[in-house]
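K.L.:
Starting off with a structure, shown below.
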Amino acid sequence: MKHAPHRTTGRIHGLAAIAAVLLLTGCATTQDPLEGYNRTVFRFNDAVDRTVLKPTATAYKNVTPSFVQTGVGNFFGNLSDAWSAVNNLLQGKVENGMGDVTRVAVNSTFGIFGLLDIASEAGIQKHNEDFGQTLGVWGVPSGPFLMLPILGPSTVRDTAALPADIGADIWKYKRPDNWRNIGSAIRVVDKRASLLDAGNLLEDAALDRYEFIRDGYMQRRQSQVYDGNVPRQVEDADEATSNAEPAADPAGKAAAEPTK
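Under my numbering, the first residue of the sequence shown is numbered 728, with each subsequent residue one higher.
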């Protein structure tokens, strides 16, 4: 089916765009007061990915027909559209919210419970809104970058929003439990499989993968909160923060000073 290439290619292009921006700007460093903890969790996550997730996702991608992978992605994407609709409405974006409601209605009926993305074929735009973005629109600052075990990149604000995102996941209430658990596992593997090519690009392009992921994630989340139109004053504030010298960094300060 023709959805699979669009789904994977879109993610690859998104990561490539982040790579280009970071490389061209010299990978400007984000303030990271939790860096020691974050790097420890990053190494743990990386070990889990290399030993379990990536091999499983690779096998899944190699043996599962592309139309099945597309159907799985579409099904869970349809479930997420319902929560996206709620967040769009909470953000005051009524038109986008009603568009998401329409997507769910169309794909759940004509799309056979979401297995087919009829709404996209009909030109109904898909949005990806979560409660962390909603808090951002409400003016809650992101706070420091935070790497979560297994779940990956986040911020203090996005982590605080996780209970709402998890509680609003329709699949969480699927019964019987064994069907829910199997579906959740397939969901994780399918998502990881869709990122395999992008992950290889990341490994090839980044000298410090942690720093690359951190800076790319923070830029992407800011763009998502403002729908790609980040106010100039916000950009200036972030630039000032990024360029500010850390309060206590004697080694860095000594290196920056000329030798007498």
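Just so you know, even glycine gets a beta-carbon here, dropped at the ideal spot from N, CA and C.
Determine, using beta carbons only, whether Ser835 comes closer than 9 Å to chain D.
P.N.:
Absent here is chain D; the protein component of the structure consists of one chain.
K.L.:
Pick from His854, Ala920, Thr882, Gly955: whose alpha carbon is nearest that of Asp942?
P.N.:
Checking every option, the nearest Cα to that of Asp942 belongs to Thr882.
K.L.:
Just checking my contact of Asn990 with Ile877 at CB under 8 Å: how many whole Å lie between their CB atoms?
P.N.:
There is simply no residue 990 to check, as the chain begins at 728 and stops at 987 in what is shown.
K.L.:
How is the alpha helix (DSSP H) around Thr861 delimited, first residue to last?
P.N.:
Counting along the chain, the alpha helix (DSSP H) containing Thr861 begins and ends at 858 to 864.
K.L.:
Look at the alpha carbon of Gly709 and the alpha carbon of Ala895, and state the distance between them as a whole number of angstroms.
P.N.:
The first residue shown for the chain is 728 and the last is 987, placing residue 709 beyond what the model contains.
K.L.:
Give a yes or no on whether the C-beta atoms belonging to Phe802 and Leu842 are separated by under 9 Å.
P.N.:
Yes; because the gap between Cβ atoms is below 9 Å, this pair is in contact.
K.L.:
Do the stretch 769 to 788 and the stretch 818 to 826 make contact, defined as three or more Cβ pairs closer than 8 Å?
P.N.:
No contact exists between the stretch 769 to 788 and the stretch 818 to 826.
K.L.:
Roughly how many angstroms lie between the CA atoms of Tyr900 and Arg907, to the nearest whole one?
P.N.:
Each residue's alpha carbon lies about 8 Å from the other.
K.L.:
CA-CA distance, Gly859 and Gly866?
P.N.:
Near 11 Å, if we compare the C-alpha coordinates of Gly866 and Gly859.
K.L.:
Look up Leu875 in the DSSP assignment and say whether it is helix, strand or coil.
P.N.:
Three-state DSSP puts Leu875 in a strand.
K.L.:
Give every residue of the same chain whose Cβ lies closer than 8 Å to the Cβ of Ser835, excluding the five residues on either side of it in the sequence, and list them in chain order.
P.N.:
Only Asn805, Gly841 meet the Cβ criterion.
K.L.:
Just confirm the distance between the C-beta atoms of Val831 and Asp857, as a whole number of angstroms; I'd bet it's less than 8 Å.
P.N.:
With 8 Å as the limit, Val831 and Asp857 do not qualify as a contact, their Cβ atoms being about 16 Å apart.
K.L.:
What would DSSP say about Leu751, mapped onto helix, strand or coil?
P.N.:
Residue confidence for Leu751 is low, a pLDDT of 39 falling below 50, so the modelled location carries little weight and cannot support an answer.
K.L.:
To the nearest angstrom, report how far apart Thr757 and Pro880 are at their CA atoms.
P.N.:
Each residue's alpha carbon lies about 13 Å from the other.
K.L.:
What separation, rounded to the nearest whole angstrom, lies between the Cα atoms of Asn905 and Gln960?
P.N.:
Rounded to the nearest angstrom, the two C-alpha atoms are 50 Å apart.
K.L.:
Per DSSP, Thr886 is paired with what?
P.N.:
Thr886 is not bridged to any residue.
K.L.:
Distance check for Ala786 and Gln946, CA to CA, integer angstroms please.
P.N.:
Cα to Cα, Gln946 sits roughly 32 Å from Ala786.
K.L.:
Between which residues of its own chain and Asn814 is the CB-CB distance below 7 Å, once the five residues before and five after are set aside?
P.N.:
The residues are Glu856, Asp857, Phe858, Gln860, Thr861.
K.L.:
Output the boundary residues of the alpha helix (DSSP H) element that contains Trp906.
P.N.:
Residues 904 to 921.
K.L.:
Rounded to whole angstroms, what's the CA-CA distance from Gly955 to Phe794? Just pull it up for me.
P.N.:
Whole-angstrom Cα-Cα distance: 32 Å.
K.L.:
Are the Cβ atoms of Ala920 and Lys788 separated by less than 9 Å?
P.N.:
Going by C-beta atoms, Ala920 is nearer than 9 Å to Lys788.
K.L.:
Going by DSSP, which residues form a beta bridge with Pro880?
P.N.:
According to DSSP, Pro880 bridges with Met874.
K.L.:
Determine whether the beta carbon atoms of Arg914 and Val799 lie at a separation below 9 Å.
P.N.:
Going by C-beta atoms, Arg914 is nearer than 9 Å to Val799.
K.L.:
Below 6 Å CB to CB, which residues in the same chain sit around Val748 once its five sequence neighbours on both sides are set aside?
P.N.:
Any reading at Val748 must be qualified, since the residue scores a pLDDT of 42, below 50, and its modelled position is unreliable; no value is offered.
K.L.:
Tell me where the alpha helix (DSSP H) around Ile940 begins and ends.
P.N.:
Segment 936 to 952, the alpha helix (DSSP H) holding Ile940.
K.L.:
Going by the CB atoms, is the gap between Lys781 and Gly926 shorter than 9 Å?
P.N.:
Contact flag set, yes.
K.L.:
Skipping 5 residues on each side, what residues in its chain have a beta carbon closer than 8 Å to that of Thr829?
P.N.:
Excluding sequence neighbours, Thr829 sits near Ala846, Ile851.
K.L.:
Can you look up Phe837 in the DSSP assignment and give me helix, strand or coil?
P.N.:
Of the three classes helix, strand and coil, the one that applies to Phe837 here is coil, per DSSP.
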